[in-house]
Every structure is written in C-alpha cells, then in structure tokens.
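Q:
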Amino acid sequence: MTIVVTGGAGFLGSHLCDKLLELGHEVICIDNLLTGSEENIKHLEENTNFKFINYDVVNGLPEGLEADQIYHLASPASPNHHNPKSYTSLPFETMQVNSLGTWQLCETAVKMGAKFLFSSTSEVYGDPLEHPQKEDYRGNVSTTGPRSVYDESKRFGETITSAFVRSKGLDGRIVRIFNTYGPKMSEDGRVVIEFVTAALNNKSFPVFGDGKQTRSFCFVSDMVDGIVAAMEKGLKGEIYNLGNPDEFTILDLAEKVKQLTGSTSAVEYQPLPEDDPKQRCPDIGKAKQKLGWEPKIELEEGLKKLIDYLKSKEAEVFLKK
Ligand code: NAD
Ligand code: UDP
1 MTIVVTGGAG FLGSHLCDKL LELGHEVICI DNLLTGSEEN IKHLEENTNF
51 KFINYDVVNG LPEGLEADQI YHLASPASPN HHNPKSYTSL PFETMQVNSL
101 GTWQLCETAV KMGAKFLFSS TSEVYGDPLE HPQKEDYRGN VSTTGPRSVY
151 DESKRFGETI TSAFVRSKGL DGRIVRIFNT YGPKMSEDGR VVIEFVTAAL
201 NNKSFPVFGD GKQTRSFCFV SDMVDGIVAA MEKGLKGEIY NLGNPDEFTI
251 LDLAEKVKQL TGSTSAVEYQ PLPEDDPKQR CPDIGKAKQK LGWEPKIELE
301 EGLKKLIDYL KSKEAEVFLK K
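Residue numbering for the sequence shown follows UniProt numbering, starting at 1 and increasing by one per position.
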C-alpha cells in the first residue's frame, strides 16, 4: 500500500515510517519540521519506497498525491512552556494543525477513499476525575487555560473525524496516545527526556510541584505497534486508548533514571504549571480485546534503551568532531 504519515519527521512519526517500510509499504512522509527533524528520517534517504515532502498539512496534502491510508500525527506535543518546541509556545500552529489540518485531511481521505487515523491524546481527559481513564470518560478540561490550545484542538480534531465518519463516509478511527518515550524523542521539555538528559549531564532533575503526580509511560515500539493495529484492525468511528498502564509518580521516575544512569543528580523542585493533571493511567481493556494489542516493554527496560541510545548519540557527535 501507499501510506501517508503526517508528522513523519517527528518522534512517533519517524518510528511509524520505519515500521510501515518494514511491513513492505510505500511511505510518504509529510512534515514542515516545526518540531521534528530531518535527522530522524536521514537513514531513509536512499530507500526508494520512502519519500519526504516538506509541507504544512494545515493546507491538507500536496496536489496529486494518492494514498491508501493516512496517519495524521502532525502536531506539537509537549506542554513545557520553558521550551520553544512546546505547544504552549506554538499555540496557533497547534490549534490549526489539529483543527484545520484534520478537516482538510479528512476531506482528502474521503476523496481518495483512504483509511484515516487521527492521533489524539490522553490530554482529552484533562485533569481526570475518573481513574484509570476509559474511552467513555468525557474528561475534565479547561477551555481557556494554557493547555487548552492542545487539549481542546485535539478534542475538536476528534469531533471533526467523527463527523466525517458519520456524515461523509470516512473510514476513520481515533487513538488516544498516553505518554510515550524512546530514542529520537525531541528535546522538547517532556519529562522523560528532561530527566534522562539531566542525569547524563549530572544536572538536577527539575521536578514540577511535589512530584507526586502520576503518569504511565509507554515505550515507542509498543506504541507504534498499537497505532498500526488500530489502523489495521480498528473499526470505523472507534476510539482506542493506547498506553502502558504501569503508573509511576514523577519522583519514582527521577529515582529510576538516577539508578539506571548512576548519576549524582538531585531533585530541584519548581512550581507546578497551571492545570497539570494530577494523575493519568490508561484503561487499555478495549485495545487488548479489539486490537489484540498490549505493551510489552517495562519502564526500566525502555529507559535503558533510551539511555543507551543517547550515550551512542553522544559518542557519534564526539567521533564527528
Ligand atoms: P513530535 O513533535 O516529535 O512530532 C510531531 C511532528 O509533526 C513534527 O515532526 C512536526 O514538525 C510535525 N508538524 C507539526 N505541525 C505540522 C504541520 N502543520 N504540518 C506538517 N507537519 C507538522 O511529537 P510526537 O511525540 O511524535 O507526537 C506525534 C503525535 O502524537 C502528535 O499528534 C501528538 O499530539 C500525539 N501524541 C504524542 C504523545 C507522546 O507521548 N509522544 C502523547 C499523546 C499524543
Ligand atoms: N514534569 C516535571 N519536570 C519536567 C517536565 C515535566 O516535573 O522537566 C512533570 C509535569 O509537571 C507533569 C509530568 O512531569 O506532571 C509529565 O510531563 P510531560 O511534559 O512529560 O507531559 P504531560 O503528561 O504533562 O503532557
């Protein structure tokens, strides 16, 4: 098949391109490099089944493309307002790609008769009042707070996808992705990459708030398998939570990273950002039952892989000098 991946030069998108090529497909990666990097897809330059187009999907797809499937992953994804690649620093780009971009891509998918997948987020549950979160929980989200540019535009992206399914015959499905980490993560301020890079440089761990808030971390290869399963086996109009249900506090994460790196980093407490969710954990019963998918890689194993990757990256940079 010919498959379009929007956001294909980003963290998840570049791993997804690798996976789809491995499965024998032709892949067209569309990315405007807003938060992604050509470095992530450099190894695919010579692959004749792979094509990269630098393009802003707020305008849909470039003229003349045909595809059997469209994975829509393009969007900034980090909330960290200290970082220029975060959605809080890119509010208008974030709102546009998840609303106008999703709309255009749904139109195109209907015209092409292509299957469509929208990458939504656990953020649609906001600061959840139900725990763990199931797909039928409607969320506790601010419409005006700093995270709303992402949360509400992802919610609207889900609404757009669902309306196209209901009224225009789109073969579309939605995945709600929970915190994912692994090699090629961009240094966009998300907690795993912040802590691992801090530890490798023996700098302190910036812990926001008291560090007792929880997250559930999924390794990237598990997530990509889940996304592909949702496209292949997921039904039209359905929503699937994808994530690893093992839940940790942010202080637990700092401790684990410290142990695995052998660093001397200490915790440095900083103010908790507004609307930071206090707890988050996916109920993945539906994905297990309907997609036959569940994550395999535990946090410790995944962190080791990320640490090894970053060390080899450092070595590569050193060798190039
Ligand atoms: P990322 O920032 O690494 O990748 C996003 C990619 O989209 C980047 O390469 C960026 O340049 C591209 N992009 C942004 N706007 C674009 C536009 N208008 N046109 C073309 N390309 C554009 O982030 P990621 O972690 O890989 O996230 C991928 C998707 O998964 C996002 O939609 C994100 O909301 C969703 N998601 C990710 C996580 C996670 O933990 N990684 C969690 C929940 C949801
Ligand atoms: N966090 C932190 N220090 C950092 C970055 C994040 O303590 O340097 C916390 C943040 O407040 C949140 C959790 O870690 O409670 C996860 O943050 P991340 O930005 O990875 O994503 P989120 O799950 O909030 O979207």
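No residue lacks a Cβ here, since even glycine has one placed at the ideal position from N, Cα and C. Model, not experiment: these values are computed from the prediction.
(1) Run the proximity test for threonine 35: is its beta-carbon closer than 6 Å to any non-hydrogen atom belonging to the ligand NAD?
(2) Just checking, does the stretch 143-157 make contact with the stretch 40-52 on the three C-beta pairs under 8 Å criterion?
(3) Suppose the cutoff is 8 Å on Cβ atoms and the five residues either side in sequence are ignored; what does the same chain contact list for lysine 321 look like?
(4) Have a look at aspartate 136 and lysine 85 and give me their C-alpha separation to the nearest angstrom.
(5) What's the call for glutamine 133, buried or exposed, on a 16-neighbour Cβ count within 10 Å?
(6) Specify, as a first and last residue, the run of the alpha helix (DSSP H) that glutamine 96 falls within.
(7) Could you tell me the distance, in whole angstroms, from the CA atom of glycine 226 to the CA atom of glutamate 301?
(8) Are isoleucine 70 and isoleucine 174 closer than 7 Å when you measure CB to CB?
(9) Counting Cβ pairs, one atom from each stretch, are 3 or more of them under 8 Å apart for the stretch 163-183 and the stretch 107-127?
(10) Under a three-way DSSP split, which group does leucine 242 fall into?
(11) Given the structure, does valine 141 come close to the ligand NAD, in the sense that its CB is under 6 Å from one of the ligand's heavy atoms?
(12) To test your reading of the DSSP string, which unbroken beta strand (DSSP E) runs of 3 or more residues are found completely within the stretch 230-276?
(13) Going by beta carbon distance, what residues of the same chain come within less than 7 Å of lysine 304, once the five residues before and after it are set aside?
(14) Please report the residue range of the beta strand (DSSP E) in which aspartate 171 lies.
(15) I think glycine 211 touches valine 267, with their Cβ atoms under 8 Å apart; what is that distance to the nearest whole Å?
(16) What residues in its chain sit with their C-beta under 7 Å from that of tryptophan 293, if we drop five residues either side in the sequence?
(17) For a minimum of 4 consecutive residues, which ranges assigned as the alpha helix (DSSP H) are wholly contained in the stretch 8-59?
(18) Roughly how far, in whole angstroms, is the beta-carbon of phenylalanine 205 from the beta-carbon of phenylalanine 195, given that I think they are within contact range, below 8 Å?
(19) Any idea what DSSP makes of tyrosine 137, helix, strand or coil?
(20) Does the Cβ-Cβ distance between alanine 74 and glycine 7 come in under 7 Å?
(21) Between the Cα of leucine 12 and the Cα atoms of Leu129, Tyr181, Ile297, Thr214, which residue gives the shortest distance?
(22) Should valine 97 be counted as a contact of the ligand NAD given a C-beta to heavy atom distance under 6 Å?
A: The short version:
(1) Correct: threonine 35 has its Cβ closer than 6 Å to the ligand NAD.
(2) With the cut-off at 8 Å, the stretch 143-157 and the stretch 40-52 do not touch.
(3) Note on lysine 321: pLDDT 48, under 50, position unreliable in the model; the coordinate value appears next. Taken in chain order, the list of residues that qualify is empty.
(4) Rounded to whole angstroms, aspartate 136 to lysine 85 spans 31 Å at the Cα level.
(5) Counting every other CB atom within 10 Å of its CB across the protein chains shown gives glutamine 133 a total of 16 or more, marking it as buried.
(6) Following the DSSP letters along the chain, one finds glutamine 96 inside the alpha helix (DSSP H) bounded by residues 91-96.
(7) When only Cα atoms are considered, glycine 226 and glutamate 301 end up about 18 Å apart.
(8) No.
(9) Three or more Cβ pairs drawn from the stretch 163-183 and the stretch 107-127 lie within less than 8 Å of each other, which places the two stretches in contact.
(10) Residue state for leucine 242 is assigned as strand, using DSSP reduced to three classes.
(11) Valine 141: no, Cβ never under 6 Å from the ligand NAD.
(12) List check, beta strand (DSSP E) in window: 239-242, 247-249, 267-270.
(13) When the five nearest sequence neighbours on each side are left out, the beta carbons in the same chain lying within less than 7 Å of the beta carbon of lysine 304 are those of Leu260, in order along the chain.
(14) Per DSSP, aspartate 171 belongs to the beta strand (DSSP E) from 171-177.
(15) Confirmed, about 7 Å.
(16) These residues qualify, in order along the chain: Asp225, Gly226, Ala229, Ala287.
(17) Under the rule that a run must span 4 or more residues, the alpha helix (DSSP H) segments found entirely inside the stretch 8-59 read 11-22.
(18) Right, the Cβ-Cβ distance comes to about 5 Å (below 8 Å), so this counts as a contact.
(19) For tyrosine 137, the secondary structure class from DSSP, reduced to helix, strand or coil, is coil.
(20) For alanine 74 and glycine 7, yes; Cβs fall inside 7 Å.
(21) Taking only the C-alpha atoms, the option nearest leucine 12 is Tyr181.
(22) Distance from the C-beta of valine 97 to the nearest heavy atom of the ligand NAD is below 6 Å.
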